[in-house]
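Worksheet: the structure to be examined is printed underneath.
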Amino acid sequence: MVLEQKLSIMRSTALQAILALSVPGIHAAVLQYTTSEAGNPFVDGWYADPDTEIYDGLYWVYPTSSYDYEQQTYLDAFSSPDLINWTKHPNILTNANVTWATGAVWAPAAISRNGKYYIYFGANDIQEGDNTTIGGIGVAVADNPAGPYVDAIGAPLIGAYHNGAQPIDQDVFIDDDGQAYIYYGGHSHANVALLNEDMISIGTFPDGTQYKEITPTNYVEGAQMVKRNGIYYMMWSEGGWTGPDYAVSYAMSDSPLGPFNRKAKILQQDPAVATGSGHNGVFNVPETDIWYIVYHRRPLGDNDGNHRQLAYDRMYFEEDGSIANVTMLVKDNFADGNTIGWTAYGGDWSVLNGQLEGAASSGGKMLLDTNFTSLVYDADVTITGGDTDGDAGVVFRASTLGNGTDEYDGYYAGIKLSGEVFLGRANGSWTELKSTQMDVSANMQYHIRVRAVGSDISIFVDDIDTARITVTDGTYSEGQDGVRVYAAEALFDNISVATP
């Protein structure tokens with residue numbers, strides 16, 4: 009794509025974003041993203057088990073505060089008009105407002121009915137056979153989505169095991185006919201129950217029972233229910249929540265009561281992006297067939313069981329109604345004004361007008377927590393000042409990172425105001441692999457693409473059909489990806505790293 013076309017698309021996208029805030033009806037069309045285009049994780053902090061709702065045009069995420077069990081005594085929420093800019097609402101529910109919740113509260117499920125807002129939550133982590141501990145699934149109520157929520161009934165809504173299901177990890181769903189259901193269960197068992205119109209009491213099925221087991225194959229926890237085109241999709245998590253193999257699977261049924269026969273696993277770890285991807289919620293952009301899966305995942309190489317972060321990606325459906333595999337994409341256009349997910353190694357970095365700004369330094373770097381082997385890496389780079397021989401560009405397959413000019417092991421492709429595009433590798437010192445002449449002007453945006461498949465590396469600038477540099481070098485086969493400046497000030501935008 010030539011530069012003029014690219015700038016035209018960027019201007020159009022920016023105009024749509026402005027119109028979305030001012031013109032009714034255009035909002036939904038703008039929310040047709042491929043992922044969190046402003047980067048995952050999309051909020052800061054350790055959070056897990058997100059549930060989702062849309063209230064009065066705002067997208068709400070209700071997660072667990074993912075810290076040590078003894079510290080999980082509160083729930084925060086986040087809201088956004090556009091899935092880009094998020095507002096934190098702290099302490100919407102604390103165990104001080106739930107007299108029987110003496111331990112952690114977690115895995116909230118949100119819903120609204122009759123002008124009231126409800127949060128269903130797990131508390132106290134009761135175990136089967138323990139007849140002395142009070143705990144299970146509670147329900148709290150508020151007058152607005154941000155709370156404060158207070159205990160609605162003064163006791164657990166579901167306070168005992170039924171059909172082997174631990175009373176945790178609930179989701180609440182209101183069908184088109186107005187009937188409300190609660191899906192829940194841990195310890196590899198899932199139940200469904202009716203909720204009465206008051207939303208704070210359990211109903212009774214026509215056969216006189218209150219809890220029906222609906223456990224799909226491989227079910228562990230994290231029940232979730234959505235409906236599309238008359239089909240009921242039950243989603244759940246498999247694997248251990250503290251491990252890398254935590255994942256999301258689903259089933260389809262013509263009835264909210266099942267049967268729910270497992271179809272497939274649709275979200276799982278990607279060793280290049282994140283591990284432990286599970287316990288999801290779902291957004292459906294109103295009046296569209298645009299869907300997003302919201303979930304938690306773990307940073308690469310982090311083995312702390314509580315270190316979980318919130319992310320979302322696009323969820324697509326096949327023609328037969330089945331859910332396609334979800335790809336965890338790596339993008340950042342800095343439209344949210346922050347650098348969540350990035351780590352600085354030297355230099356001075358900030359977000360300026362929706363772009364990442366790197367001040368002139370002796371090799372400052374900003375890196376994402378990725379570990380790609382073969383990759384296609386795209387970035388827009390604008391040198392705004394500095395020395396004539398200064399440069400800016402992208403780092404890939406990097407490891408052993410530190411502060412300093414060449415304090416990393418990896419590759420770097422950059423451009424210079426002196427009129428050059430180049431590729432080299434670093435390992436405490438610098439080895440240039442190849443360079444070529446190219447006109448480079450200050451304050452002009454250039455699109456750099458790296459395509460690295462095995463030892464074959466190609467560098468493109470603006471013209472992504474014709475490589476300016478091609479080399480064969482197998483020194484580094486995997487590592488992190490990021491950006492770098494040397495003796496130049498630069499802006500970076502529209503970062504994207506993907507497997508070819």
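Count along the sequence shown starting at 1, add 8, and that's the number in our numbering. Note that beta-carbon positions come from the ideal geometry of N, C-alpha and C, so glycine has one too. Predicted, not measured: the structure shown is a model, and the values here were computed from it.
- Bridge pairing for residue 318: 304 [DSSP].
- Counting the other CB atoms within 10 Å of its CB gives residue 332 a total below 16, which places it among the exposed residues.
- Taking 8 angstroms as the cut-off, the Cβ atoms of residue 177 and residue 130 count as close.
- Here the alpha carbons of residue 199 and residue 489 stand approximately 44 angstroms from one another.
- Per the DSSP secondary-structure output, residue 43 pairs in a beta bridge with 321.
- When the beta-carbon positions are compared, residue 496 and residue 391 come within less than 8 angstroms of each other.
- Going by DSSP, residue 160 is part of no beta strand (DSSP E) at all; its letter is neither H nor E.
- Here DSSP, grouped into helix, strand and coil, assigns residue 255 to strand.
- With distances taken between CA atoms, residue 49 lies nearest to 321 out of 506, 396, 478 and 321.
- DSSP links residue 327 through a beta bridge to no other residue.
- In the DSSP annotation of this structure, the continuous segment of the beta strand (DSSP E) that includes residue 230 starts and ends at 229-236.
- The stretch 477-491 makes contact with the stretch 401-420: 3 or more CB pairs, one atom from each, lie closer than 8 angstroms.
- Look at residue 109 here: in three-state DSSP terms it is coil, with no helix or strand label.
- The stretch 104-123 makes contact with the stretch 145-162; the number of CB pairs closer than 8 angstroms reaches 3 or more.
- Note on geometry: alpha-carbon atoms of residue 119 and residue 278 lie some 32 angstroms from one another.
- Per the DSSP secondary-structure output, residue 96 pairs in a beta bridge with 86.
- Segment contact: the stretch 76-94 against the stretch 166-183, fewer than three CB-CB distances shorter than 8 angstroms; contact not assigned.
- Going by DSSP, residue 422 is part of the beta strand (DSSP E) stretching over 417-424.
- Taking one beta carbon from each stretch, the stretch 41-57 and the stretch 311-327 have 3 or more pairs nearer than 8 angstroms; the two touch.
- In the three-state reduction of the DSSP assignment, residue 78 falls in the helix class, which pools H, G and I.
- The distance from the Cβ of residue 352 to that of residue 393 is about 20 angstroms, inconsistent with a contact at the 8 angstroms cut-off.
- Within the model, the alpha-carbon separation for residue 202 versus residue 306 is close to 34 angstroms.
- Boundaries of the beta strand (DSSP E) harbouring residue 244: 239-246, taken from the DSSP string.
- In this chain, the beta strand (DSSP E) harbouring residue 71 covers 66-73.
- A straight-line Cα-Cα distance of about 5 angstroms links residue 223 and residue 197.
- For residue 129, the enclosing beta strand (DSSP E) covers residues 124-131.
- Sequence-distant partners of residue 426 (beyond 5 residues in either direction) whose C-beta falls short of 8 angstroms from its own C-beta, in its chain, are 396, 397 and 448.
- Counting only residues of its own chain and dropping the five nearest sequence neighbours on each side, residue 163 has a CB closer than 7 angstroms to the CB of 108.
- Shown here for residue 136: same chain residues with a beta carbon closer than 6 angstroms to its own, the five before and five after excluded, namely 169 in chain order.
- Nearest neighbour of residue 228 by Cα position, chosen from 194, 359, 43 and 69, turns out to be 194.
- Looking at 73, 154 and 80, the one whose alpha-carbon comes closest to that of residue 62 is 154.
- With fewer than 16 other beta carbons inside 10 angstroms of its own, residue 77 counts as exposed.
- Contact between the stretch 268-278 and the stretch 207-226 is present: 3 or more CB-CB pairs across the two stretches fall below 8 angstroms.
- DSSP places residue 204 in the coil class of the three-state scheme, outside both helix and strand.
- Taking 8 angstroms as the upper bound for CB-CB distance, residue 402 and residue 456 are in contact here, some 6 angstroms apart.
- Residue 470 places its beta carbon 8 angstroms or farther from that of residue 363.
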